[in-house]
Amino acid sequence: MAGYRKLGRTSSQRKAMLRSLVTALLFNGKIVTTEARAKEVKKIAEGLIALAVKEKDNFETVKVTAKVARKDENGKRVKEVVDGKKVTVYDEVEKEIKKDKASRLHARRQMLKVLYDVTDVPTARAGKKKNTKKVDMPAKLFDELAPKYANRNGGYSRIVKIGQRKGDGAMEVLLELV
821 MAGYRKLGRT SSQRKAMLRS LVTALLFNGK IVTTEARAKE VKKIAEGLIA
871 LAVKEKDNFE TVKVTAKVAR KDENGKRVKE VVDGKKVTVY DEVEKEIKKD
921 KASRLHARRQ MLKVLYDVTD VPTARAGKKK NTKKVDMPAK LFDELAPKYA
971 NRNGGYSRIV KIGQRKGDGA MEVLLELV
């Protein structure tokens, strides 16, 4: 008996499909897919959430000084003329950053093996490259989802049957985070 479903795909296609479904589930909170796919995605997603819950507080805050380019009211860098050349003006800023400890860093890298990069596009600017943001999915898992599920022992998602798909009669389900 196999430990997983093959879903009628080659291994590379199956891994890519499952990675994209897991990423979509964790980014959006719910997805509609077939029952067999949902059961496989649920296994992977719950493992990632459990990893995030385990490592959510395993970091230290460190103060660092960084050089940041000074910007004008339009968001453009301020330049000065020094020795006949235009040079960007920098300010030193003190910031507090989260520095992962070793086990949290390992957990982050395990998550990155599964999750794809996500680019968030605002609905007002759909189709435009401007104002798009890359979403750090491991950070979202650690900062948003882990505190939500901290006092819960598993069972982070649920499968709700919707009905049969019109085209091929496959059972469609809604997989959502609880």
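Numbering (the working numbering), first residue to last: 821 to 998.
Positions of the beta carbon are idealized from the N, C-alpha and C atoms, including for glycine.
On a predicted model such as this, the values are computed, not experimentally measured, just so you know.
- DSSP places R978 inside the beta strand (DSSP E), whose first and last residues are S977 to Q984.
- Residue range K850 to T854 is occupied by the beta strand (DSSP E) that includes T853.
- Using a 10 angstroms sphere on the CB of P942, the tally of other CB atoms stays under 16, which defines it as exposed.
- In the three-state DSSP reduction, R890 falls in the coil class, being neither helix nor strand.
- Bounds of the beta strand (DSSP E) holding K899 are K899 to V902.
- By the neighbour-count criterion, in which a residue is buried when 16 or more other Cβ atoms sit within 10 angstroms of its Cβ, R928 is buried.
- In the displayed model, K826 falls within coil according to three-state DSSP, outside both helix and strand.
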